[in-house]
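A.B. asks: Have a look at this one.
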Amino acid sequence: MILPVPATPLHPLPRLARRLGLGPEDLWVKRDDLTGLAGGGNKARKLAAIVADAQAKGCDHLVTGGGAQSNHARMTAAAANLAGMGCDLLLTPGDDSGNLLLDRVLGAGIHWLDGGPLPYAETEAAIQEHARALAARGRRPYAIPIGGSSPLGAAAYVDVGRELAERLDPGLVVVAAGSGGTQAGLAAGLGDHGKVLGVDVGARPGLADAVQELAAEAAALAGLPAPRGRCRLDTARAGQAYGEPTGAALDALRAAARTEALLLDPVYTAKAMAGLFAAVREAPRGTRVVFVHTGGLPGLLASRYAGWLTSETPTGAGAGPAAAAEPS
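For reference, each letter of the sequence shown is one residue, going 1 to 328 in UniProt numbering.
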């Protein structure tokens, strides 16, 4: 395998649990920020499967897209280098810091999405159009959906769901939900061992339906039954728009850093942790909760978030209950 993914730690968060009024064994973290590929993150698992598929099909160029601070784009560029492939990224314009700076260091071809951020479906269409243009020039491109959230990419998280079920049998697993593939794969792997709360970060319209569809497809690839009713979606943490920080996310980011030295990012994991804070207030006492850390440290270092991160104004945000939707 060109992209081996190491085993990542699974450990309790006793200090943060105490702050939340939980028992010391009631809150755990799965450290998929430590997958190791060019800064780590959950996309390493998806890309291991996706790049293997691209190689099997004789492709020589990866094409994907997203926001300027896309972790998926950064890790796709890294995966392409390891696989000896070219890589083009279609991105929202941004300044050269955080993930975008690393995209340049990794040598990816960067193409700005015309007119700034495009709707999700239009970005997907732009990825496909760019791949067709490369094919017309004699390349053998492989178009990767935003976030690597194809059925194959989602299925890469089935084994993590199985691991959590076997080792902890959690009542609730919490993860950031951008394109939905990670939540879908976790639900397929967990089966009847708890529910998966995806915290919507505002990236994808129709996310609940997408997660349900991906979960069924991931389960089918793994030879498992579809995880009916195992996914929930918290739609109250995204803020004004995808990529825009919130007060609740800042509270959660600081709490994780100052209790467990656990570093989160403004776009994904801080909002997911804010969703966890709300969810544990409603969960029955003694529920074992697992936070799946999907990475994103380069995004924390993006210059656009510096003022937000250094503000010491108490927000008092995040006190409301989770707004959870059951994917149909």
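Built from N, CA and C at the ideal position, the CB exists for glycine as well. Just so we're clear, the structure is a prediction, and the values are computed from it rather than from any experiment.
1. In whole angstroms, what separates the C-alpha of Leu233 from that of Gly243?
2. For Val63 versus Pro141, is the C-beta distance shorter than 8 Å?
3. Taking the alpha carbon of Glu217 as the point to measure from, which residue in Ala80, Leu186, Ala238 and Thr246 has its own alpha carbon closest?
4. Evaluate Pro227 with the Cβ neighbour count: other Cβ atoms within 10 Å of its Cβ, from every protein chain shown; 16 or more gives buried, anything less gives exposed.
5. I'd like the span of the beta strand (DSSP E) that includes Asp200, first residue to last.
6. Would Ser150 and Leu301 qualify as a contact pair, given that the criterion is a beta-carbon distance under 8 Å?
7. Can you list, in chain order, the residues of its chain whose CB lies under 7 Å from that of Pro14, leaving out five sequence neighbours each side?
8. Verify whether the separation of the beta carbon atoms of residue 336 and Cys231 is less than 8 Å.
9. Please classify Leu3: does DSSP put it in a helix, a strand, or coil?
10. In the DSSP assignment, find the unbroken beta strand (DSSP E) run with Leu62 in it and report its ends.
11. In the DSSP assignment, the beta strand (DSSP E) including Asp26 goes from what residue to what residue?
12. DSSP three-state label for Pro151, please.
13. Are there 16 or more other CB atoms within 10 angstroms of the CB of Ser179, so buried, or fewer, so exposed?
14. Between the C-alpha atoms of Gly148 and Leu37, what's the straight-line distance to the nearest angstrom?
15. Quick one: what's got a C-beta closer than 7 Å to Ser70's C-beta in the same chain, skipping five residues either side?
16. Among the candidates Ala184, Leu20 and Ala7, whose CA atom is the shortest distance from the CA of Gly286?
17. If we count the other Cβ atoms within 10 Å of its Cβ and call it buried at 16 or more, is Ser328 buried or exposed?
18. Evaluate Val290 with the Cβ neighbour count: other Cβ atoms within 10 Å of its Cβ, from every protein chain shown; 16 or more gives buried, anything less gives exposed.
19. Please report the Cβ distance between Leu269 and Gly247, rounded to the nearest whole angstrom; I am assuming they are in contact, meaning their Cβ atoms lie under 8 Å.
20. Going by the beta-carbon positions, is the gap between Ile146 and Gly66 smaller than 8 Å?
21. Which term fits Val105, buried or exposed, when burial requires 16 or more other beta carbons within 10 angstroms of its beta carbon?
C.D. replies: Taking the structure as given:
1. 18 Å
2. yes
3. Leu186
4. buried
5. Lys195 to Asp200
6. no
7. Pro24
8. Coverage of the chain is limited to positions 1 through 328, which leaves residue 336 absent and any answer about it impossible.
9. coil
10. His61 to Gly66
11. Neither: Asp26 is in no beta strand (DSSP E) and is coded neither H nor E.
12. helix
13. buried
14. 15 Å
15. Leu91 and Asn99
16. Leu20
17. Legend: pLDDT at Ser328 = 29, less than 50; position of this residue unreliable, value from coordinates given subsequently. Counting Cβ neighbours within 10 Å, Ser328 comes out exposed, since fewer than 16 surround it.
18. buried
19. It should be noted that the sequence gives Thr, not Leu, for residue 269. Going by Cβ atoms, the distance from Thr269 to Gly247 rounds to 16 Å, so no, they are not a contact pair.
20. yes
21. exposed
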